[in-house]
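Peer 1: Here our numbering is used: the first residue of the sequence shown is 2, the next is one more, and so on.
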Amino acid sequence: MDKFDTKTFSDVEQPPSIIEGTSDKIAIGEEDAEKDKALALLTAQNIAFDYNSPESKAVLRKIDMRIIPMALSVYVMMLVDKNSLSFANIMGVKQSTGLTPSQYSWLGSVVFFGYLAGEIPVTFLMQRLPLARFFSVMVIVWGGIVCFHSVCTNFAGLMTVRFLLGMIEVCTAPVMIMILGSWYTKEEQVSRVAIWYTASGWGNVFGGFFAWCIYHADTFRWQGLFLFEGLLTCAMGVILYFFLAASPTDAKWLSDKEKAIALERCRDNRTGTEIWSFNKAQLIEAFCDPRLYIIFLLLVSTGLPNGGITVFGPSIISQFGFTPDQTTLLSMAPGGAAVVGTLVALVVAKYTNRTIAGVYLLIISCVGVIMMLAIPPERYLARYGGYILTMQFPICVLFVITFMTAGIGGSTKKLAFGASYQLGYTVGNIIGPQTYRQKDAPNYYTAKYTMLAFLVLTMILVATMGIIHLSWNRKRDSQDAIDAQDGVVHVAIENEEFADLTDFQIRSFRYPM
Numbered sequence: 002m003d004k005f006d007t008k009t010f011s012d013v014e015q016p017p018s019i020i021e022g023t024s025d026k027i028a029i030g031e032e033d034a035e036k037d038k039a040l041a042l043l044t045a046q047n048i049a050f051d052y053n054s055p056e057s058k059a060v061l062r063k064i065d066m067r068i069i070p071m072a073l074s075v076y077v078m079m080l081v082d083k084n085s086l087s088f089a090n091i092m093g094v095k096q097s098t099g100l101t102p103s104q105y106s107w108l109g110s111v112v113f114f115g116y117l118a119g120e121i122p123v124t125f126l127m128q129r130l131p132l133a134r135f136f137s138v139m140v141i142v143w144g145g146i147v148c149f150h151s152v153c154t155n156f157a158g159l160m161t162v163r164f165l166l167g168m169i170e171v172c173t174a175p176v177m178i179m180i181l182g183s184w185y186t187k188e189e190q191v192s193r194v195a196i197w198y199t200a201s202g203w204g205n206v207f208g209g210f211f212a213w214c215i216y217h218a219d220t221f222r223w224q225g226l227f228l229f230e231g232l233l234t235c236a237m238g239v240i241l242y243f244f245l246a247a248s249p250t251d252a253k254w255l256s257d258k259e260k261a262i263a264l265e266r267c268r269d270n271r272t273g274t275e276i277w278s279f280n281k282a283q284l285i286e287a288f289c290d291p292r293l294y295i296i297f298l299l300l301v302s303t304g305l306p307n308g309g310i311t312v313f314g315p316s317i318i319s320q321f322g323f324t325p326d327q328t329t330l331l332s333m334a335p336g337g338a339a340v341v342g343t344l345v346a347l348v349v350a351k352y353t354n355r356t357i358a359g360v361y362l363l364i365i366s367c368v369g370v371i372m373m374l375a376i377p378p379e380r381y382l383a384r385y386g387g388y389i390l391t392m393q394f395p396i397c398v399l400f401v402i403t404f405m406t407a408g409i410g411g412s413t414k415k416l417a418f419g420a421s422y423q424l425g426y427t428v429g430n431i432i433g434p435q436t437y438r439q440k441d442a443p444n445y446y447t448a449k450y451t452m453l454a455f456l457v458l459t460m461i462l463v464a465t466m467g468i469i470h471l472s473w474n475r476k477r478d479s480q481d482a483i484d485a486q487d488g489v490v491h492v493a494i495e496n497e498e499f500a501d502l503t504d505f506q507i508r509s510f511r512y513p514m
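#1: For the alpha helix (DSSP H) holding residue 148, just list the boundary residues, first then last.
#2: Does residue 433 get closer than 8 Å to chain D when you measure Cβ to Cβ?
#3: Among 187, 229, 368, which residue has its Cα nearest to the Cα of residue 207?
#4: With contact counted as at least three CB pairs below 8 Å, one residue from each stretch, are the region 76 to 84 and the region 397 to 417 in contact?
#5: Could you pull out every unbroken beta strand (DSSP E) segment of at least 3 residues lying fully inside the region 241 to 323, listed in chain order?
#6: Using a threshold of 8 Å, state whether the C-beta atoms of residue 179 and residue 292 are closer than that.
#7: Please identify the residue among 251, 355, 436, 433 whose C-alpha is closest to the C-alpha of residue 396.
#8: When you compare the CB positions of residue 191 and residue 350, do they come within less than 8 Å of one another, or not?
#9: If the criterion is Cβ atoms closer than 8 Å, does the pair residue 120 and residue 424 meet it?
#10: How many Å lie between residue 148 and residue 227 at the Cα?
#11: State the start and end residues of the unbroken alpha helix (DSSP H) segment that holds residue 57.
#12: Excluding five sequence neighbours on each side, which residues of the same chain lie with their C-beta closer than 7 Å to the C-beta of residue 279?
#13: On the three-state DSSP scale, how would you describe residue 517?
#14: Near residue 253, which residues of its chain fall below 8 Å by C-beta distance, leaving aside the five closest residues on each side in sequence?
#15: So, with DSSP's three-state summary, where would you put residue 377?
#16: In the structure shown, what three-state DSSP assignment does residue 237 receive?
#17: Just verifying my parser: in three-state terms, what is the DSSP assignment at residue 363?
#18: Is the beta carbon of residue 231 less than 8 Å from the beta carbon of residue 342?
#19: Can you give me the C-alpha to C-alpha distance between residue 17 and residue 507, rounded to a whole angstrom?
#20: If you draw a straight line from the alpha carbon of residue 63 to that of residue 88, how long is it in whole angstroms?
#21: Less than 8 Å between the C-beta atoms of residue 222 and residue 92, yes or no?
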């Protein structure tokens, strides 16, 4: 008779709530099962699930029609609101409020000091409040803060509202990562996150278009921009309040049977669909996971160039020799190129993997920075082309996000990684605007060389993440093969896919490439 190994997980002790047995399948403990609405719903429905059935495909279409438009719209508005300062700059906000060049740079950085201040409270509230309702209220509040930009008359007022904006906006990426990971399979997450992340391009397109329309007003230009975009964000928050669902169990627009189908679709993710109570062991595990620090460094290295371009992007375009009116329109083209670049990167990822697609995008961006540095000033159209290529780099973050949605298990551990993501993004975006020094204007060569160096660092980090995942998958496959030869049978845990278990704890878990 084969040996029977009751140790379910390699390298990590089983959680005490898991009941061991002597058969080939054991179950989640009653206490944990009661905590998880997904398990309760699946038990009540007890459906026979077929991923390729017409019912399953109909549920997926319904999910796509609800979740993706809301996720895309809210992220577009976040980027439009964040970029509004750069358009206000060419509309005269400096002159109206008496800003010095140094003070303007700090208005770009202070948003991310707000991120730092809001990081811990937001993470705490995300685990204790209904996620979708909490997020929708935060969106309404941030829209109101954007509106208040229009009544500021000095540096102190603008610093205050920019800081508050950061405190509220900090929840956006972690919430969206949690929600998309709860609705889609690992295979679907790449394409859906890619669609969501086209917001990085659409934000520039719509931001430039709004600015161009409002620029033609005789007065109240930059004030009108903030007021219009703030009210639009508030309206978006109201829509989210009534229609956004954080997971299938919360979706009022699905029947109980459809909810069960939506949950079964994501069973093989093995990352869970609910936010459970705080788990200290998972937090410790997160700090022992090298990817936590790689995620932080990745977001610093992409956040630094992003922070500078967010604040100085239109200024960079205008120094190529364009008028303010032309600059607002030309700011749309890099956004459109980023949307196309996202779709191309998605094709590259499909035929290779996420790591290669991320590196491909970063190579294009490096070429763009080199063009802006090397091409003579009189060839301004070619330098503008370099700027468009440079703006491909934010897209690589979508592959970092899918590494997190598909590669991290355990609700507390996922929140810890979300905090690391947001902290790195914050630090990079604080530093970024400070690399654009007044003495380097109008070409800002120091900022561009710094951008190039950090894009190269990002390439190295993306490759490192892919290598780690490849190594861990091979190690698990090798151990399974050895165990099979030795006749070792590992206990299967019934419904482990919906338990609050980490990727380290689930033996069958494999990491995305």
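The beta carbon of each residue, even a glycine, is placed where N, CA and C say it ideally should be.
As the structure is a computational prediction, the values presented were derived from the model and not from experiment.
Peer 2: Walking through what the data contain:
#1: Looking at the DSSP string, the run of the alpha helix (DSSP H) that includes residue 148 is 132 to 149.
#2: Annotation note: the requested chain D is absent from the structure, which comprises a single protein chain.
#3: In this structure, 229 is the residue among 187, 229, 368 with its C-alpha nearest to the C-alpha of residue 207.
#4: Not touching, per the Cβ criterion.
#5: The beta strand (DSSP E) runs of length 3 or more contained entirely in the region 241 to 323 do not exist; there are none.
#6: It is not a contact, given that the beta carbons lie outside the stated cut-off.
#7: When each option's Cα is compared against that of residue 396, the closest is 355.
#8: Residue 350 sits close to residue 191, with the two beta carbons spaced by under 8 Å.
#9: Their beta carbons are under 8 Å apart, which means residue 120 touches residue 424 by this criterion.
#10: Computed Cα separation, rounded: 6 Å.
#11: Residue 57 -> alpha helix (DSSP H) spans 55 to 91.
#12: Answer for residue 279: 128, 413, listed in chain order.
#13: Residue 517 lies beyond the residue range present for the chain, which begins at 2 and ends at 514; the question has no answer from this structure.
#14: Result list for residue 253: 246, in chain order.
#15: Looking at residue 377 - three-state DSSP - the assignment turns out to be coil, as it is neither helix nor strand.
#16: Taken through DSSP and simplified to helix, strand or coil, residue 237 comes out as helix.
#17: Looking at residue 363 - three-state DSSP - the assignment turns out to be helix.
#18: No.
#19: In this prediction, residue 17 scores a pLDDT of 37, lower than 50, which makes its location untrustworthy; the coordinate-derived value is nonetheless stated afterwards. Using only the alpha carbons, I get a separation of about 15 Å.
#20: Cα atoms of residue 63 and residue 88: separation of roughly 37 Å, rounded to the nearest angstrom.
#21: The Cβ atoms of residue 222 and residue 92 lie closer than 8 Å to each other.
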